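The structure under discussion appears below in the form of structure tokens.
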Amino acid sequence: MAAPGQAVGSGAQETCGLDRILEALKLLLSPGGSGSSSLQVTKHDVLLATLKSNLSALEDKFLKDPQWKNLKLLRDEIADKAEWPQNSVDVTWSFTSETLLLLLCLKETMIRLAANFNPGKPNPRTPEVAPALSPDALSISQQKTVQFVLQFVVTLGICPYLMPGVGVPLRYRTEFGAVVQDVVCLDAAPDATRRLYTSCKALLNVAQHTSLGSLIFCHHFGDIAAGLCQLGFCPTKRKLLTPAEEVLTEEERTLSRGALRDMLDQVYQPLAVRELLILQGGPPQSCTDVKTQMRCWAPAWLRRLCGQLLSERLMRPNGVQAVVRGILEGAGAGAAGGSDAEVTAADWKKCDLIAKILASCPQQSLSPESYYRDICPQILDLFHFQDKLTARQFQRVATTTFITLSRERPQLAAKYLLQPVLAPLHRCLNTAELSESDTVPGTILVTEEELSRCIEDVFKVYVVGNEPLTVLMDSLLPVLGVLFLLYCFTKKSVSHIRSLCQEVLLWILGKLERKKAIASLKGFAGLDKAVPSLHSLCQFRAATQGGIMITIKEAISDEDEDEALYQKVSSEQGRVEHLGDLLSHCQECGLAGDFFIFCLKELTHVASENETELKTEPFSSKSLLELEQHQTLLVEGQERKLLVLQQMAVLCERMSEQIFTNITQVVDFVAATLQRACASLAHQAESTVESQTLSMSMGLVAVMLGGAVQLKSSDFAVLKQLPPLLEKVSNTYPEPVIQELAVDLRITISTHGAFATEAVSMAAQSTLNRKDLEGKIEEQQQTSRERPTDVAYCHLEQQQSHEISPQTGLQSNAPIIPQGVNEPSTTTSHKSGSVTTEQLQEVLLSAYDPQIPTRAAALRTLSRWIEQREAKALEMQEKLLKIFLENLEHEDTFVYLSAIQGVALLSDIYPEKILPDLLAQYDSGKDKHTPETRMKVGEVLMRIVRALDGVLLCCPGWSTVAWSQLTATSACRIQAILLPQPPE
Numbered sequence: 001m002a003a004p005g006q007a008v009g010s011g012a013q014e015t016c017g018l019d020r021i022l023e024a025l026k027l028l029l030s031p032g033g034s035g036s037s038s039l040q041v042t043k044h045d046v047l048l049a050t051l052k053s054n055l056s057a058l059e060d061k062f063l064k065d066p067q068w069k070n071l072k073l074l075r076d077e078i079a080d081k082a083e084w085p086q087n088s089v090d091v092t093w094s095f096t097s098e099t100l101l102l103l104l105c106l107k108e109t110m111i112r113l114a115a116n117f118n119p120g121k122p123n124p125r126t127p128e129v130a131p132a133l134s135p136d137a138l139s140i141s142q143q144k145t146v147q148f149v150l151q152f153v154v155t156l157g158i159c160p161y162l163m164p165g166v167g168v169p170l171r172y173r174t175e176f177g178a179v180v181q182d183v184v185c186l187d188a189a190p191d192a193t194r195r196l197y198t199s200c201k202a203l204l205n206v207a208q209h210t211s212l213g214s215l216i217f218c219h220h221f222g223d224i225a226a227g228l229c230q231l232g233f234c235p236t237k238r239k240l241l242t243p244a245e246e247v248l249t250e251e252e253r254t255l256s257r258g259a260l261r262d263m264l265d266q267v268y269q270p271l272a273v274r275e276l277l278i279l280q281g282g283p284p285q286s287c288t289d290v291k292t293q294m295r296c297w298a299p300a301w302l303r304r305l306c307g308q309l310l311s312e313r314l315m316r317p318n319g320v321q322a323v324v325r326g327i328l329e330g331a332g333a334g335a336a337g338g339s340d341a342e343v344t345a346a347d348w349k350k351c352d353l354i355a356k357i358l359a360s361c362p363q364q365s366l367s368p369e370s371y372y373r374d375i376c377p378q379i380l381d382l383f384h385f386q387d388k389l390t391a392r393q394f395q396r397v398a399t400t401t402f403i404t405l406s407r408e409r410p411q412l413a414a415k416y417l418l419q420p421v422l423a424p425l426h427r428c429l430n431t432a433e434l435s436e437s438d439t440v441p442g443t444i445l446v447t448e449e450e451l452s453r454c455i456e457d458v459f460k461v462y463v464v465g466n467e468p469l470t471v472l473m474d475s476l477l478p479v480l481g482v483l484f485l486l487y488c489f490t491k492k493s494v495s496h497i498r499s500l501c502q503e504v505l506l507w508i509l510g511k512l513e514r515k516k517a518i519a520s521l522k523g524f525a526g527l528d529k530a531v532p533s534l535h536s537l538c539q540f541r542a543a544t545q546g547g548i549m550i551t552i553k554e555a556i557s558d559e560d561e562d563e564a565l566y567q568k569v570s571s572e573q574g575r576v577e578h579l580g581d582l583l584s585h586c587q588e589c590g591l592a593g594d595f596f597i598f599c600l601k602e603l604t605h606v607a608s609e610n611e612t613e614l615k616t617e618p619f620s621s622k623s624l625l626e627l628e629q630h631q632t633l634l635v636e637g638q639e640r641k642l643l644v645l646q647q648m649a650v651l652c653e654r655m656s657e658q659i660f661t662n663i664t665q666v667v668d669f670v671a672a673t674l675q676r677a678c679a680s681l682a683h684q685a686e687s688t689v690e691s692q693t694l695s696m697s698m699g700l701v702a703v704m705l706g707g708a709v710q711l712k713s714s715d716f717a718v719l720k721q722l723p724p725l726l727e728k729v730s731n732t733y734p735e736p737v738i739q740e741l742a743v744d745l746r747i748t749i750s751t752h753g754a755f756a757t758e759a760v761s762m763a764a765q766s767t768l769n770r771k772d773l774e775g776k777i778e779e780q781q782q783t784s785r786e787r788p789t790d791v792a793y794c795h796l797e798q799q800q801s802h803e804i805s806p807q808t809g810l811q812s813n814a815p816i817i818p819q820g821v822n823e824p825s826t827t828t829s830h831k832s833g834s835v836t837t838e839q840l841q842e843v844l845l846s847a848y849d850p851q852i853p854t855r856a857a858a859l860r861t862l863s864r865w866i867e868q869r870e871a872k873a874l875e876m877q878e879k880l881l882k883i884f885l886e887n888l889e890h891e892d893t894f895v896y897l898s899a900i901q902g903v904a905l906l907s908d909i910y911p912e913k914i915l916p917d918l919l920a921q922y923d924s925g926k927d928k929h930t931p932e933t934r935m936k937v938g939e940v941l942m943r944i945v946r947a948l949d950g951v952l953l954c955c956p957g958w959s960t961v962a963w964s965q966l967t968a969t970s971a972c973r974i975q976a977i978l979l980p981q982p983p984e
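When you line the sequence shown up against the UniProt record's numbering, it's residues 1 to 984, in that order.
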């Protein structure tokens with residue numbers, strides 16, 4: 001639309017500078033004789049008088065001042081080439097026309113100055129000197145002048161000529177805008193449309209210079225776009241009879257349309273989106289009288305046009321980000337997200353609106369699939385912004401778009417959103433086909449960045465989005481096995497994705513149907529091989545940046561088979577334990593209880609399968625292949641049984657007593673217990689433990705029927721599964737009490753509690769009493785853990801008189817170590833007195849061995865013998881103390897820590913002999929020993945004092961005098977040991 005201005009006279013340009021042009025612009029904007037400080041506050045008459053006065057003053061300068069001659073020549077040359085009428089009865093248009101001519105003069109002069117600029121080579125001796133500034137650069141004050149001029153041009157040359165509903169009306173902007181709207185004479189020549197066309201064309205011409213273009217588009221893009229929309233796309237009200245009656249030719253309208261699209265492509269895209277949105281549904285303006293305040297919205301043709309242009313912005317490269325930024329910028333201060341946290345947090349509706357826009361396919365798109373194929377990758381990119389404020393809103397938009405598209409277009413969402421997000425996990429499934437290049441040992445199948453981004457995106461879509469849509473659940477279900485194994489791997493060390501994996505697993509398990517959730521848990525535990533899991537060739541490995549990657553396993557050699565077997569067993573053990581940890585968070589929803597009941601039922605199947613295997617006939621008539629297949633099945637069956645037992649043990653250990661959350665689960669538990677009891681009776685494997693379990697479960701039923709729980713009719717419908725099992729127990733169980741209770745419970749359930757025998761009430765009361773007793777015992781145990789020495793006092797007093805030294809046969813003066821304080825380990829089967837003199841001498845010599853491993857092992861052995869109360873070792877307590885103290889001087893950590901342990905154990909047995917010596921050594925160590933050795937002695941004393949605190953008073957070996965003496969002389973020193981020491 002706006003072709004570059006043609007070259008003007010060189011003489012004028014050679015002598016005309018920027019200062020003269022800017023002075024002329026200032027003269028046009030001067031307040032004149034109005035007496036006011038700004039034209040913004042003038043009224044109609046004052047404004048018109050000021051405009052006329054300034055135009056006359058400028059003309060006088062051109063005619064009378066010889067210094068303005070060159071500028072006049074340049075201005076006249078540009079005016080001659082201009083294609084618009086410059087003189088009008090309307091002063092506002094004459095003023096606008098003159099201002100546009102001066103802006104064109106400014107643009108031409110700046111281009112000429114930049115073309116003739118030759119900065120020269122920089123001086124290498126002064127590299128710190130800034131390069132020469134281009135002569136076409138505007139100072140800050142000059143830029144303010146140009147901005148003021150542009151504001152006048154737009155206010156007088158564009159805004160008054162916009163149709164109602166097109167753009168933001170002047171009267172709603174400023175008071176000065178309302179004045180301008182009233183002083184513009186629309187009836188005077190040239191026509192309003194011609195004026196609008198001239199202003200837009202001239203401003204676009206000026207904007208071809210980079211510096212001036214940034215000033216124009218940053219502040220006035222919306223008004224120019226509104227004018228071009230009206231010029232190029234507004235339908236004519238009537239069919240013109242002759243071309244002479246046309247205000248704009250078809251060529252000019254076409255140029256306006258092209259100029260609009262060029263300008264939209266040129267500017268910052270979020271700015272274009274924001275201004276188009278304002279044009280499409282911006283503030284309404286008055287259609288008739290201001291007093292009636294009748295408002296009209298943007299006309300239909302403008303709304304359709306802006307929608308089409310917005311769709312074009314959206315389908316461009318990075319169009320999604322442009323749309324998001326265009327809408328969000330302005331929610332805070334400037335950039336997307338803004339700096340105002342309150343405004344940002346309260347702007348979620350805007351994010352949801354963007355999501356609806358992105359999820360709606362534009363009409364001009366070829367097909368919905370092509371549209372979503374183009375924008376879905378851009379939607380996924382919104383998840384990965386690092387800036388916190390921007391990322392929070394962008395992720396909200398991406399998550400909401402994800403959910404909206406999954407709800408409205410599930411097939412396309414699965415294809416273009418879910419598949420790319422879950423691709424790293426699908427790549428390593430045992431159902432995936434790996435190419436030969438991917439199966440090379442050591443190949444990285446999923447990089448650290450891919451896996452981290454995948455887990456983070458899954459968390460944002462599923463947990464943050466929190467919409468259990470069918471397409472979302474079905475897409476995540478196949479990769480749950482890999483996700484759980486990844487969660488298990490993250491438990492081995494610190495990982496930033498551990499919590500994300502846990503939250504995703506807990507979310508999906510809570511949202512799935514209970515049958516599918518139990519099936520998934522079976523796969524996690526290894527009880528269902530049909531559940532997709534990690535490929536047998538794949539493994540998780542720690543990556544270089546602290547994350548996790550998936551690689552192809554290295555080939556296992558014959559030497560590494562034992563290690564591989566150990567890794568497999570430990571991995572299965574860890575998987576079971578981590579599943580228990582995961583289920584500990586699922587107790588409130590009832591999933592943990594249902595899985596516990598499932599495992600309990602599996603135990604019953606294990607018992608019946610064992611009986612079947614014992615009756616298996618020999619395979620004398622079978623082939624070797626069939627025999628091998630049978631053996632493989634037996635091994636797999638044994639593995640499954642071990643897994644069931646292992647999982648059951650972990651659940652019993654990790655789950656609390658609130659594992660059952662409803663009547664149905666309690667009834668299922670009782671039914672499983674009854675079934676197991678019946679199976680045990682059938683196999684003649686009844687035991688005391690099973691008898692107690694059966695009594696407990698029947699007691700639970702008695703408690704429910706006894707009124708502890710308010711039962712409804714629906715609860716009795718659940719209880720109906722128990723009478724057949726109770727009848728079977730009453731007919732087969734050998735104990736008469738259980739038989740009678742089973743009969744009474746069956747009658748009570750069948751009558752919905754209308755009839756209850758005394759046996760049922762007694763069983764309920766017995767169960768409740770047992771529960772109260774267990775609670776009291778647990779409370780006492782908790783109290784004993786808080787004060788362990790109090791519980792030990794009575795044992796000391798009762799056992800002291802009976803304790804005889806195994807060596808002398810006399811009453812021992814050594815204190816008895818109370819149970820629960822420092823009791824020797826009972827895990828070893830080593831008997832006291834089994835150490836020979838030769839063994840002891842050999843270990844004593846090894847304690848001085850120069851080889852560090854040998855010396856440390858000898859010290860550990862001596863410590864173990866002391867802990868086991870080996871008589872021969874205790875006879876040499878002074879020798880052992882000397883050895884341990886000498887090894888405290890050693891610099892190796894393993895050696896001196898072993899020595900510290902030995903001294904502490906020895907002091908545990910003979911505190912009255914060793915503790916004073918250690919205190920003396922600690923006090924005299926300032927002169928005789930290094931600070932490091934003294935610190936090690938302090939560590940020994942700290943361990944001794946903490947271990948014997950509260951026990952020393954009740955030890956007969958400690959007389960009152962000895963204790964008082966030690967306390968008087970060493971209290972401050974012990975306190976000094978326990979407090980932090982200043983550096984020596």
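Here a beta-carbon is modelled for each residue, glycine too, at the ideal position from N, C-alpha and C. On a predicted model such as this, the values are computed, not experimentally measured, just so you know.
In this structure, the CA atom of Leu634 is about 21 Å from the CA atom of Ala679. Comparing alpha carbon positions, the residue from Ile455, Leu228, Arg427, Arg304 closest to Ile444 is Arg427. Distance from the Cα of Met648 is smallest, within the candidate group Lys601, Gln901, Thr693, for Lys601. Going by DSSP, Met655 is part of no beta strand (DSSP E) at all; its letter is neither H nor E. Cβ neighbours of Leu603 within its own chain (closer than 7 Å, five residues either side excluded): Val644, Met648, Arg676. Between Ala359 and Leu405, the CB-CB gap stays under 7 Å. DSSP places Gln151 in the uninterrupted alpha helix (DSSP H) bounded by 140-157. Take the alpha-carbon of Ala742 and the one of Met698: they are about 8 Å apart. Considering only Asp76, Glu628, Lys522, Asn662, the residue with the shortest C-alpha distance to Gly593 is Asn662. Shown here, Val670 sits in a helix according to DSSP, grouped into three states. Leu579 is a Cβ neighbour of Phe524, given a cutoff of 7 Å. In this structure the segment 445-454 does not lie against the segment 505-514, because fewer than three pairs of beta carbons, one per stretch, are closer than 8 Å. Thr664 places its beta carbon less than 7 Å from that of Val718.
For Val709, there is no enclosing beta strand (DSSP E), since its DSSP letter is neither H nor E.
Beta-bridge pairing by DSSP links Arg125 to no other residue.
At a Cβ-Cβ threshold of 7 Å, Asp262 and Ile158 do not count as neighbours. DSSP places Val446 in the strand class (E or B) of the three-state scheme.
Among the bridge pairs identified by DSSP, Arg541 is matched with Met549.
A direct Cα-to-Cα measurement between Pro468 and Leu204 gives close to 52 Å.
In terms of Cβ geometry, Val940 and Ile900 form a close pair [threshold 7 Å]. Leu534 carries a strand assignment under DSSP once its states are collapsed to helix, strand and coil. Put simply, the backbone Cα of Val703 is about 8 Å away from that of Ser761.
A residue is called buried when at least 16 other Cβ atoms come within 10 angstroms of its Cβ; Gln692 does not meet this threshold and is exposed. Look at the beta carbons and you see the segment 117-127 not touching the segment 192-199: under three pairs across the two are nearer than 8 Å. Burial is judged here by how many other beta carbons sit within 10 angstroms of a residue's own beta carbon; Pro911 has at least 16 and is buried. One Cα belongs to Val458, the other to Gln143, and the distance between them is close to 50 Å. DSSP places Ala300 inside the alpha helix (DSSP H), whose first and last residues are 300-314.
In the DSSP assignment, Val273 falls within the alpha helix (DSSP H) that extends over 269-281. For Val273, same chain residues with a beta-carbon under 8 Å away, outside a window of 5 residues either side, are Leu310, Arg313, Ala322, Val323, Arg325, Gly326, Ile327 in chain order. For the pair Glu369 and Pro410, the Cα-to-Cα distance works out to about 12 Å.
By the Cβ test, the segment 109-125 is not in contact with the segment 81-93, since fewer than three Cβ pairs between them sit closer than 8 Å. By the Cβ-count criterion, Arg640 is buried, with 16 or more other Cβ atoms from all chains shown falling within 10 Å of its own Cβ.
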